[in-house]
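Asker: What follows is a structure written as structure tokens; I'll ask about it next.
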Amino acid sequence: MSLSLNQSKLLFEEACAVIPGGVNSPVRAFRSVDGQPVFIKKAAGSRLWDEDGNEYIDYIGSWGPAILGHAHPEVVRVIADTAADGISFGAPTSKETILAKVVQSIFPSMDMIRFVSSGTEACMSALRVARAFTGRSKILKFEGCYHGHGDMLLVKAGSGAATMGVPDSAGVPAATASDTLTVAYNDLGAVAAIFERYPDDIGALIVEPIVGNSGFIRPEEGFLEGLRALCDKFGALLIFDEVMTGFRVALGGVQSIYDIKPDLTCLGKVIGGGMPIAAYGGRKDVMSKVAPLGPVYQAGTLSGNPVAVASGLKTLELISQRDFFVNLGHVTSTLAKGLQQVAKRNNIDLVADSAGGMFGFFFSKSRVRNFHEAKACDIGKFKAFFWGMLHGGIYLAPSAFEAGFVSSAHTRDDVDKTLELADRVMRGLK
Ligand SMILES: *Cc1c(COP(=O)(O)O)cnc(C)c1O
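Just so we're on the same page, this note's numbering is the position in the sequence shown counted from 1, plus 2.
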């Protein structure tokens with residue numbers, strides 16, 4: 003099994019001359035699998051085609067947004083129709099309110115919602131409001147959780163930052179980073195201890211309630227409930243960063259599965275169906291601090307962009323249909339369970355798991371509970387597996403520390419093909 007990637011190689015060389023590392027987001031560069039990226043030409047449904055004409059079954063889905071598969075005809079049509087009436091006005095439109103109401107109906111914890119253009123902005127802004135509301139400057143996050151690239155959040159962050167060897171980015175002032183406290187995910191005792199140490203200083207705790215940016219990691223029983231209780235006890239706001247998990251692990255995100263009400267929620271990825279839009283929101287008393295209603299400044303030229311809003315509305319309409327998540331969850335768990343079985347058959351230590359349309363796997367003997375354990379997995383095996391799969395036409399995330407995504411366009415046949423190839427590739431792994 004081998005592909006010709008000549009066009010991708012040439013295009014990458016050309017890109018490297020003008021774009022740092024040849025990419026506009028680090029994980030796309032394939033550095034953590036010691037290779038070079040594939041340049042994509044087009045996509046439809048569960049498939050991607052690269053510039054050399056190779057076809058792949060895609061399990062990245064643009065890192066989450068493509069939950070309906072690529073270029074869903076209804077989404078494409080609404081984007082084209084909306085754009086024909088003007089691409090951006092920098093003025094309010096009726097559809098923004100409609101989208102806010104739809105989001106609120108799915109996430110009842112969000113009394114008020116502000117739209118922004120990226121998950122990074124959503125998380126940065128949510129923290130700013132939380133700090134303003136509590137009058138406290140410290141924030142608490144978890145090692146390996148990624149909340150975008152805001153300065154104070156690039157401390158022990160996952161995703162691309164996890165694999166670059168620079169968990170603390172250069173260019174972040176020490177003073178900024180010093181207000182960010184970090185503990186291990188799933189370690190409620192450590193969270194309690196840090197709250198006891200700074201009882202009046204922590205304004206917010208931000209968490210990926212199911213982690214996707216250290217690979218796929220589930221909260222242990224009682225962990226999220228414990229975070230809620232500790233935040234209440236110490237007067238800190240609980241922020242669920244559901245940029246990845248919202249509309250993905252279930253329609254209403256992790257908070258709907260565990261029935262926990264965060265004070266603020268960050269959304270992104272699926273909310274725009276592939277167009278750049280994200281959101282933050284939550285308690286009315288907190289969100290009332292946002293300008294122009296309150297003193298917390300936050301703005302955006304393209305915020306609430308009409309084309310992105312239309313794409314989001316159509317996407318949310320389609321994924322709200324009956325049984326959408328039952329079917330998606332079924333296909334995704336068939337894949338995760340299948341990977342586990344294939345590994346077992348080949349005497350390879352692997353754990354796989356899924357929730358809704360999100361999945362992950364680690365080359366590990368036992369279940370992974372935090373970033374430290376994720377890093378202890380067999381990364382060499384991951385790399386060999388990744389390349390074997392890519393050359394057989396399966397496009398997985400090029401990093402051991404990223405979750406995978408299945409869309410409603412993925413068929414049982416796609417999964418069967420994936421598992422057949424996984425079996426062949428694992429047979430070759432020593
Ligand atoms: C992707 C992601 C972000 C950042 O979103 P961008 O749109 O890439 O800025 C923040 N938090 C989580 C949990 C994410 O997965």
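In this text, a Cβ means the ideal position worked out from N, Cα and C, and glycines have one as well.
1. Considering S290, what are the terminal residues of the beta strand (DSSP E) in which it resides?
2. Taking all protein chains shown into account, do 16 or more other C-beta atoms lie within 10 angstroms of the C-beta of S119, making it buried, or fewer, making it exposed?
3. Suppose contacts are defined by Cβ-Cβ distances below 8 Å. Is L239 in contact with A124 by that definition?
4. What do you reckon, is the C-beta of M246 under 7 Å from a heavy atom of ligand 2?
5. So the beta strand (DSSP E) D153 belongs to, where does it begin and stop?
6. Please find out if some non-hydrogen atom of ligand 1 comes closer than 7 Å to the beta-carbon of T122.
7. State buried or exposed for Y58, treating a residue as buried only when at least 16 other CB atoms are found within 10 Å of its CB.
8. Check G2 in the structure and name its three-state DSSP category.
9. In this structure, does DSSP put S216 in helix, strand or coil?
10. Which first and last residues belong to the beta strand (DSSP E) in which D54 is found?
11. Within 8 Å, do at least three Cβ pairs link the region 359–375 to the region 16–30?
12. Under the DSSP definition of a beta bridge, which residues are partnered with D243?
13. Spatial neighbours of F218 within its chain, please: CB distance less than 7 Å, with the 5 preceding and 5 following residues excluded, ordered by chain position.
14. Can you pull the DSSP bridge partners for K44?
15. I'd like the span of the beta strand (DSSP E) that includes S10, first residue to last.
16. With H, G and I counted as helix, E and B as strand and the rest as coil, what does DSSP make of L142?
17. Could you check how far apart the C-beta atoms of Q342 and L330 are, in whole angstroms? I think they sit under 8 Å.
18. Just how far apart, CA to CA, sit T136 and S6?
19. Going along the chain, which residues of its own chain have a beta-carbon closer than 7 Å to the beta-carbon of G205, five neighbours each way excluded?
20. Exposed or buried, what is L295 when buried is set at 16 or more other beta-carbons lying within 10 Å of its beta-carbon?
21. Contact check, V344 vs L421 under 8 Å by CB: the rounded distance?
22. Between G430, L431, V417, S366, which lies nearest to A402 when the distance is taken from Cα to Cα?
23. Once the 5 residues before and after D416 are set aside, which same chain residues still bring their CB inside 7 Å of it?
24. Pull up the CB-CB distance for K143 and I81, whole angstroms please, since I reckon it's below 8 Å.
25. Would you identify the three-state DSSP class for V115, choosing helix, strand or coil?
26. Kindly indicate the opening and closing residues of the alpha helix (DSSP H) around S4.
27. Just to confirm the assignment, what range does the beta strand (DSSP E) spanning F361 have?
28. Specify the secondary structure class of A354 as computed by DSSP and reduced to three states.
Answerer: Answer, in terms of the structure:
1. Numbered from its first residue, the sequence shown carries residue 290 at position 288. Secondary structure note for S290: it is in no beta strand (DSSP E), with a DSSP letter that is neither H nor E.
2. The residue you call residue 119 lines up with position 117 of the sequence shown. Classification for S119: buried.
3. Residue mapping note: residue 239 aligns to position 237 of the sequence shown, counting from 1. Residue mapping note: residue 124 aligns to position 122 of the sequence shown, counting from 1. For L239 and A124, no; Cβs fall outside 8 Å.
4. Absence of ligand 2 is noted for the structure shown, with ligand 1 being the only ligands found.
5. Residue mapping note: residue 153 aligns to position 151 of the sequence shown, counting from 1. From DSSP, D153 is part of no beta strand (DSSP E); its letter is neither H nor E.
6. One-based indexing of the sequence shown puts residue 122 at position 120. At least one heavy atom of ligand 1 is nearer than 7 Å to the Cβ of T122, so yes.
7. Within the sequence shown, the letter at position 56 stands for residue 58. Burial check for Y58: the Cβ neighbour count within 10 Å reaches 16 or more, so the residue is buried.
8. Nothing in the structure corresponds to residue 2, since the chain is present only between 3 and 432.
9. The residue you call residue 216 lines up with position 214 of the sequence shown. Assigned with DSSP and collapsed to three states, S216 falls in coil, not helix or strand.
10. Sequence index remark: in the sequence shown, residue 54 carries index 52 (1-based). DSSP places D54 in no beta strand (DSSP E); its state is neither H nor E.
11. No, because fewer than three Cβ pairs between the region 16–30 and the region 359–375 fall closer than 8 Å, the two stretches do not touch.
12. As a first step, residue 243 must be located in the sequence shown, where it is residue number 241. Paired residue(s): C268.
13. In the sequence shown, counting from the first residue as 1, residue 218 sits at position 216. Taking C-beta separations shorter than 7 Å and ignoring five residues to either side along the sequence, the partners of F218 in its chain run D355, M360, F361, G362, A405, following chain order.
14. On the sequence shown, residue 44 is found 42 positions in, with the first residue counted as 1. According to DSSP, which records beta bridges pairwise, K44 is partnered with W51.
15. Counting from 1 along the sequence shown, the entry for residue 10 is found at position 8. No beta strand (DSSP E) holds S10; the alpha helix (DSSP H) holding it covers 8–20.
16. In the sequence shown, the residue the question calls residue 142 occupies position 140. Strand.
17. Numbered from its first residue, the sequence shown carries residue 342 at position 340. Numbered from its first residue, the sequence shown carries residue 330 at position 328. Not confirmed; about 19 Å, so no contact.
18. Here residue 136 refers to the residue found at position 134 when the sequence shown is read from its first residue. Here residue 6 refers to the residue found at position 4 when the sequence shown is read from its first residue. Near 56 Å, if we compare the C-alpha coordinates of S6 and T136.
19. Stepping through the sequence shown from its first residue, residue 205 is reached at position 203. These residues qualify, in order along the chain: A132, R133, T136, R138, S139, K140, I141, A238, L239.
20. Reading the sequence shown from its first residue, position 293 is the one you call residue 295. Burial call: exposed.
21. Translated into positions along the sequence shown, residue 344 becomes position 342. Translated into positions along the sequence shown, residue 421 becomes position 419. Contact holds; Cβ gap of about 6 Å.
22. Sequence index remark: in the sequence shown, residue 402 carries index 400 (1-based). The residue among G430, L431, V417, S366 with its C-alpha nearest the C-alpha of A402 is S366.
23. As a working mapping, residue 416 is identified with position 414 in the sequence shown. Non-local C-beta neighbours of D416 in its own chain, meaning closer than 7 Å and more than five positions away in sequence, comprise S48, I59, ordered along the chain.
24. To locate residue 143, count along the sequence shown from 1; it is residue 141. To locate residue 81, count along the sequence shown from 1; it is residue 79. The C-beta separation of K143 from I81 comes to about 35 Å, leaving the pair out of contact by the 8 Å criterion.
25. What you label residue 115 is simply residue 113 of the sequence shown in a count that begins at 1. Inspection of the sequence shows that residue 115 is occupied by Ile rather than by Val. In the structure shown, I115 sits in a strand (DSSP, three-state: E or B).
26. In the sequence shown, counting from the first residue as 1, residue 4 sits at position 2. Per DSSP, S4 is not a residue of any alpha helix (DSSP H), being assigned neither H nor E.
27. On the sequence shown, position 359 is the one that residue 361 refers to. Membership of F361 in the beta strand (DSSP E) is indicated by the continuous run 360–364.
28. By 1-based counting over the sequence shown, the position of residue 354 is 352. Assigned with DSSP and collapsed to three states, A354 falls in strand.
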